[in-house]
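Residue numbers (our numbering): 311 to 485.
For reference, the structure discussed in these notes is given below.
So, in structure tokens, the structure goes:
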């Protein structure tokens, strides 16, 4: 590891699919996590990404019913990420880029605050209408993904099988 705190957080972050401790996530931590998402870059500054943090026990339980993934059943809070299809100045859409940057910022913020999470997107999208109805989000927003938030109750094991640096990064290929 490095002496650099930011790099240590980046290198220690891993998708966590285990159970969470029964410890509430303080509202001020959720605010800090959301601010990290808001601070992410946004193509053409269109700011297409929005978030709903859910820490109300009744709503948390409703989310667990909608998305019965075993690793989400002990989450103490959730962040639901929404996006809008707004064209950039070149007419292209960059919403996936925008929310991806925001989600990574939030995942790193969570790790730095002692929480773990997993980015649920493909498997959760089929429940998007239910999430939108539950959270009463404006019609122009589409659900992008779900982040459970909590303190890991089990050891966080880094993902194995990452290709070595030399297979994914190079210097000066054009020279």
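All C-beta atoms in this analysis are idealised placements derived from N, C-alpha and C, irrespective of residue type, glycine included.
The structure presented is a predicted model; accordingly, all values stated were derived computationally and were not measured.
Does the beta-carbon of residue i have 16 or more other beta-carbons within 10 angstroms, so that it is buried, or is it exposed?
| i | result |
| --- | --- |
| residue 415 | buried |
| residue 316 | exposed |
| residue 312 | exposed |
| residue 421 | buried |
| residue 339 | buried |
| residue 469 | exposed |
| residue 412 | buried |
| residue 362 | buried |
Among the candidates the options, whose CA atom is the shortest distance from the CA of residue i?
| i | options | result |
| --- | --- | --- |
| residue 351 | 430, 409, 478 | 409 |
| residue 391 | 463, 347, 477 | 347 |
| residue 405 | 425, 353, 442 | 353 |
| residue 341 | 321, 389, 384 | 389 |
| residue 434 | 377, 422, 361 | 377 |
| residue 437 | 335, 345, 454 | 454 |
| residue 370 | 428, 386, 473 | 386 |
| residue 358 | 447, 400, 366, 407 | 407 |
| residue 447 | 336, 366, 337, 393 | 393 |
| residue 432 | 366, 379, 467, 466 | 379 |
| residue 356 | 465, 476, 367, 399 | 399 |
| residue 345 | 314, 417, 473 | 417 |
Assuming residue i and residue j form a contact by the criterion Cβ under 8 angstroms, report the distance between their Cβ atoms to the nearest whole angstrom.
| i | j | result |
| --- | --- | --- |
| residue 333 | residue 461 | 5 angstroms |
| residue 463 | residue 331 | 5 angstroms |
| residue 327 | residue 381 | 4 angstroms |
| residue 419 | residue 343 | 5 angstroms |
| residue 451 | residue 360 | 6 angstroms |
| residue 365 | residue 335 | 6 angstroms |
| residue 325 | residue 442 | Wrong, their Cβ atoms sit about 25 angstroms apart, outside the cutoff. |
| residue 467 | residue 426 | With 8 angstroms as the limit, residue 467 and residue 426 do not qualify as a contact, their Cβ atoms being about 11 angstroms apart. |
Going along the chain, which residues of its own chain have a beta-carbon closer than 7 angstroms to the beta-carbon of residue i, five neighbours each way excluded?
| i | result |
| --- | --- |
| residue 403 | 395, 397 |
| residue 456 | 377, 388, 390, 430, 434 |
| residue 424 | 461 |
| residue 439 | none |
Helix, strand or coil: how does DSSP classify residue i here?
| i | result |
| --- | --- |
| residue 334 | coil |
| residue 461 | coil |
| residue 339 | helix |
| residue 373 | helix |
| residue 317 | helix |
| residue 360 | strand |
| residue 475 | helix |
Give me, in chain order, the residues of the same chain whose beta-carbon lies closer than 6 angstroms to that of residue i; leave out the 5 immediate sequence neighbours on both sides.
| i | result |
| --- | --- |
| residue 384 | 329, 330 |
For residue i, which residues from the same chain have a beta carbon less than 8 angstroms from its beta carbon, with the 5 sequence-adjacent residues on both sides left out?
| i | result |
| --- | --- |
| residue 444 | 369, 372, 373, 376 |
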